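**Student:**
Number of protein chains: 2
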Amino acid sequence: MLICETPHAGRDEEQMKKDLDLKLVRNDEPANIRAVMLSLGQAARKAAHLLALAPADAKNTALLVAAREIREKAEKILAANARDVAEARAHGLTDAFLERLTLDAKHVDGMARGLEEIAALPDPVGRVLARFERPNGLIIERVATPLGVIGVIFESRPSVAVDAGALCLKSGNAAILRGGSESFHSVSLIHECLLAGLRAADLPLAAITLVPVKDRAAVGEMLTGLGGNLDVIVPRGGRSLVARVEAEARVPVFAHLEGLVHIYVDRAADLGKALTILRNSKLRRTSVCGAAETLLVDRAGAATHLAPLVKMLLDAGCEVRGDTATQAVDARAKPATDEDWSSEYLDAIISVRVVDGLDGALAHIATYGSHHTDCIITEDNVAADRFLREVDSAIVIHNASTQFADGGEFGFGGEIGIATGRMHARGPVGLEQLTSFKYRIHGSGQTRP
Amino acid sequence: MLICETPHAGRDEEQMKKDLDLKLVRNDEPANIRAVMLSLGQAARKAAHLLALAPADAKNTALLVAAREIREKAEKILAANARDVAEARAHGLTDAFLERLTLDAKHVDGMARGLEEIAALPDPVGRVLARFERPNGLIIERVATPLGVIGVIFESRPSVAVDAGALCLKSGNAAILRGGSESFHSVSLIHECLLAGLRAADLPLAAITLVPVKDRAAVGEMLTGLGGNLDVIVPRGGRSLVARVEAEARVPVFAHLEGLVHIYVDRAADLGKALTILRNSKLRRTSVCGAAETLLVDRAGAATHLAPLVKMLLDAGCEVRGDTATQAVDARAKPATDEDWSSEYLDAIISVRVVDGLDGALAHIATYGSHHTDCIITEDNVAADRFLREVDSAIVIHNASTQFADGGEFGFGGEIGIATGRMHARGPVGLEQLTSFKYRIHGSGQTRP
Chain A
1 MLICETPHAG RDEEQMKKDL DLKLVRNDEP ANIRAVMLSL GQAARKAAHL LALAPADAKN
61 TALLVAAREI REKAEKILAA NARDVAEARA HGLTDAFLER LTLDAKHVDG MARGLEEIAA
121 LPDPVGRVLA RFERPNGLII ERVATPLGVI GVIFESRPSV AVDAGALCLK SGNAAILRGG
181 SESFHSVSLI HECLLAGLRA ADLPLAAITL VPVKDRAAVG EMLTGLGGNL DVIVPRGGRS
241 LVARVEAEAR VPVFAHLEGL VHIYVDRAAD LGKALTILRN SKLRRTSVCG AAETLLVDRA
301 GAATHLAPLV KMLLDAGCEV RGDTATQAVD ARAKPATDED WSSEYLDAII SVRVVDGLDG
361 ALAHIATYGS HHTDCIITED NVAADRFLRE VDSAIVIHNA STQFADGGEF GFGGEIGIAT
421 GRMHARGPVG LEQLTSFKYR IHGSGQTRP
Chain B
450 MLICETPHAG RDEEQMKKDL DLKLVRNDEP ANIRAVMLSL GQAARKAAHL LALAPADAKN
510 TALLVAAREI REKAEKILAA NARDVAEARA HGLTDAFLER LTLDAKHVDG MARGLEEIAA
570 LPDPVGRVLA RFERPNGLII ERVATPLGVI GVIFESRPSV AVDAGALCLK SGNAAILRGG
630 SESFHSVSLI HECLLAGLRA ADLPLAAITL VPVKDRAAVG EMLTGLGGNL DVIVPRGGRS
690 LVARVEAEAR VPVFAHLEGL VHIYVDRAAD LGKALTILRN SKLRRTSVCG AAETLLVDRA
750 GAATHLAPLV KMLLDAGCEV RGDTATQAVD ARAKPATDED WSSEYLDAII SVRVVDGLDG
810 ALAHIATYGS HHTDCIITED NVAADRFLRE VDSAIVIHNA STQFADGGEF GFGGEIGIAT
870 GRMHARGPVG LEQLTSFKYR IHGSGQTRP
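Order-wise, the sequence lines are chains A and B. Under our numbering, the first residue of the first sequence carries the number 1, and numbering increases by one thereafter. Under our numbering, the first residue of the second sequence carries the number 450, and numbering increases by one thereafter.
1. Can you tell me whether DSSP reads P573(B) as helix, strand or coil?
2. Report yes if the CB atom of S401(A) is closer than 7 Å to the CB atom of S281(A), and no otherwise.
3. Taking the continuous alpha helix (DSSP H) assigned at P757(B), which residues delimit it?
4. List the residues of chain B that N229(A) touches, going by C-beta distances under 8 Å, in chain order.
5. Taking only beta-carbon atoms, is H891(B) less than 7 Å away from chain A?
6. Hey, out of L138(A), F254(A) and A217(A), whose CA is closest to P235(A)'s CA?
7. Is it buried or exposed for K76(A), if we count other Cβ within 10 angstroms and need 16 for buried?
8. Using a Cβ-Cβ cut-off of 7 Å, state whether T224(A) counts as contacting chain B.
9. Can you give the beta carbon distance from N229(A) to R45(A), rounded, assuming they're within the 8 Å contact cut?
10. Going by C-alpha to C-alpha distance, which of A610(B), A496(B), G597(B) and L638(B) sits closest to S885(B)?
11. Residues of chain B with CB closer than 7 Å to the CB of T304(A), please, in chain order.
12. Relative to the alpha-carbon of S393(A), which residue among L362(A), N381(A) and E415(A) has its alpha-carbon at the smallest distance?
13. By alpha-carbon positions, which one of T420(A), I397(A) and G411(A) ends up nearest to H262(A)?
14. Could you name the residues of chain A that E707(B) contacts, counting a contact when the two beta carbons are closer than 8 Å?
15. Could you work out which residue in R532(B), I599(B) and A528(B) is closest to L500(B) when comparing CA atoms only?
16. When the cut-off is 7 Å and only beta carbons count, does I489(A) lie next to chain B?
17. Using only the alpha-carbon positions, how far apart do P124(A) and A130(A) sit?
18. Closer than 7 Å between beta carbons: that is the criterion. Which residues of the region 422-433 of chain A meet it against chain E?
19. What three-state label does DSSP hand S620(B) in the structure shown?
20. Which residues, taken in chain order from the region 578-612 of chain B, show a beta carbon closer than 7 Å to some beta carbon of chain A?
21. Threshold first: 3 residues or longer. Then list the beta strand (DSSP E) segments lying entirely within the region 646-695 of chain B, N to C.
22. Return no unless some Cβ of chain A is closer than 7 Å to the Cβ of Y888(B).
23. Given this structure, state the Cα-to-Cα distance separating I602(B) from G669(B), to the nearest angstrom.
24. Look up L93(A) in the DSSP assignment and say whether it is helix, strand or coil.
25. With 16 other CB atoms within 10 Å as the buried threshold, where does V746(B) fall?
26. To the nearest angstrom, how far is it from the Cα of L22(A) to the Cα of I814(B)?
27. By the three-class DSSP mapping on this structure, what secondary structure does W176(A) have?
28. Residue ranges of each beta strand (DSSP E) run of no fewer than 3 residues wholly in the region 356-416 of chain A, ordered along the chain?
29. Against chain A, with Cβ distances strictly below 7 Å, would A849(B) count as a contact?
30. Taking all protein chains shown into account, do 16 or more other C-beta atoms lie within 10 angstroms of the C-beta of V128(A), making it buried, or fewer, making it exposed?
31. Are the C-beta of L388(A) and some C-beta of chain B separated by less than 7 Å?
32. What does the alpha-carbon distance come out to for the pair N476(B) and S630(B)?
33. Would a C-beta distance cut-off of 7 Å place A723(B) and L643(B) closer than the cut-off?
34. How would you list, in chain order, the residues of chain A whose beta-carbon sits under 8 Å from the beta-carbon of S885(B)?
35. When burial is assigned at 16 or more other CB atoms within 10 Å of the CB, is R871(B) buried or exposed?
36. Note the first and the last residue of the continuous beta strand (DSSP E) segment covering K731(B).
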């Protein structure tokens, strides 16, 4: 019988790490994994009840102490990370994977700064979201409360543990973090820093739980909701992880499957703006979900706009896959197939198509879009307003780069992910979207007629 | 092969009714039911896309014309209802069921007035929920949008079709209504009035769909989400319906399983207020989810408060099931068992217990509560604030009747239900909670560094 103990204050850290390793060795039986995960869920639920009432000061102390710990342990974290990277390389993982896994001193400092920034944000719990006085004198307030227990399933990036743990803590939610087994040593050390913060603030350690089970069955258990002890799941990783979570989760999910981001260059676009915005949207970083994947050019502006836009992309080293009009303006452009309109490249490749005005752009986006982020470039405010209104995406942009699709850029002080669903959260999921609410009614003896 | 046609404008109503009856006769094969339901879902999704962009005027016209139709067809509706009631009686349904099913002229007028009231409310779509300007000059707005397609599964009350259809329409959502087979004739006629409204406003008739399938398999199909064409389900009915929907639905659910409502009378309660509020909370209507089910009395105030409260209840004809202290103050009080603390009576019965102050009350509610509505009666604002903060219920009340737990009383112009979950909606679900949002970004050429 395997018992999953919640780490507690005053315990020797090295011993704790050994326990985790021990558990990993023992956790090969599915029945045990189920019991461990259920027990983690129950402990997290208890922690969530305490955390919901925790004062802002305590939560901020925990974040600041965790930041200090991360700075102090930077070398240890980098050493643990080097061990993860070496093992991942030995297992033949791709260069892109190794890049996401690898930490340097700047990354570690960034984690600490992230914690400090989140500590400095206003407490999202207890905000009065609405207040109305009824004719009978009742005062009704809608007040923000935490959601409960949030499960975060992530792959290679160790920094997700810090971002997710900190955002959940600040918003009064307990977090159950399940990182990829390849980042296990890095994430375990980072988690210890978060625990040190909780300990210093006298907050329950189960407020931020790291799943100590490498077996993938642990993910399956989280998808079932841990016996009602998990309120929402946030998957952070590649398409296959998100698709699995969306298909199998029995609890709500905040996620986006893909970011098939469009830029529509209208007949009334300023060409200079279009060139600048398109280049930044496509090429600033090609691997982020807000990177542009398809350029739509208004037929009525194609004579002046299409060639310069396509040449700029090609000259900058971006592969262009276009319709016949696009291929006609530059011999370097390759032909696009139907599959290209549905492809999120996450690479220096773009699909380009000439469309019949705003209606054509709207129809193309309605057919191929992923409800993530889409942009219109135009000096015509009527066309812009219609685009912003009619495109059914979480983020719709007029005359700015699509790479602003990011909680930090929105001023949210970080994000736990970007959601394309319509329930509860949509777009960058920051502290506000990690809260629910309740109604407080203040009376003076009123009864209902 | 059965084809489910969406009724269309200009079609003769009698013919439409015959078609529905015809479908009922044919719809005995599960494969057909699946095909019919999928087809309804697809039509509703298309309608939702149009409805999301419909101007407020068109939606309000539809509501007002539907109200007029209901007034004009009042006699027909009452006749159809009489047929439903007669059939239900012949099938041996309970008096309580028949009472909920039965309509009179006042009910029908109330339906029409409800439609007019919802038409008069501000349009919830397009509201700017938040607006922030970033240091780089970007202006970011969070704007309300519809949710999509809302499924409503209800039992005996025909008026739910009007409330739900109207709230969904006003909030730009398509509705798929599935009423109990016992109310089929009444609801079909009411639905025709709603369709007349849509037709007059040139809105798609699939915006408000009545499931033309009596077979319970139709509910099962809705719970699967109709091939991704249903975004949320609202069950309106008894505990067994809600429990089934909550257990089986593969889409989000707005619901409450029960309303185990507590009133805590603190040591610092004003006895007069306590008597008035308790009586109204328990006895105004005993069958509503906001009716009080358990009275908790502070031990420190029991000497002065317990006896008058218990005697008032007993004198008013309410059965009292109490702990030993309660039984001691009046011989008419019966002993409470452990089961009583978990019982939602929905009847003139109350459980009564003396607790050790606010901590005792909070502990009792945390153990037995249903996260619906709970109330403290006290003149001590510190105690009240702590109760409102620490009780984890959708609605927490200080010094007012628990029967105010109602969207109409909140000023929401009606509600589609009351939710006890924490995702998206909580408490009375009105127009605002039937919306999602998106982000509109207004730029002037900004790119991300």
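Backbone N, C-alpha and C define an ideal beta-carbon position, used for all residues, glycine too. Quick caveat, the model's predicted, so the values are computed rather than measured.
**Tutor:** Here's the rundown:
1. coil
2. yes
3. R748 to D764
4. Residues of chain B passing the Cβ test: none, with the nearest at roughly 13 Å.
5. yes
6. F254(A)
7. exposed
8. no
9. 4 Å
10. G597(B)
11. Those do not exist, as T304(A) stays about 18 Å from chain B at its closest Cβ, beyond 7 Å.
12. L362(A)
13. I397(A)
14. Residues of chain A passing the Cβ test: none, with the nearest at roughly 16 Å.
15. I599(B)
16. This structure gives no information on residue 489(A), because the portion of chain A shown stretches from 1 to 449.
17. 14 Å
18. Here the protein chains are A and B, and chain E is not one of them.
19. coil
20. F581, R583, L587, I589, L596 and G597
21. 657-659 and 681-685
22. yes
23. 11 Å
24. coil
25. buried
26. Unreliable placement is indicated for L22(A), whose pLDDT of 38 sits below 50; no coordinate value is reported for it.
27. In the sequence under discussion, the amino acid at residue 176(A) is Ile, which differs from the Trp named in the question. DSSP places I176(A) in strand when its eight states are reduced to three.
28. 373-377 and 395-400
29. yes
30. exposed
31. yes
32. Legend: pLDDT at N476(B) = 46, less than 50; position of this residue unreliable, value from coordinates given subsequently. Their backbone Cα atoms lie some 14 Å apart in a straight line.
33. no
34. R422, M423 and R426
35. buried
36. No beta strand (DSSP E) contains K731(B), which is instead part of the alpha helix (DSSP H) from L720 to L732.
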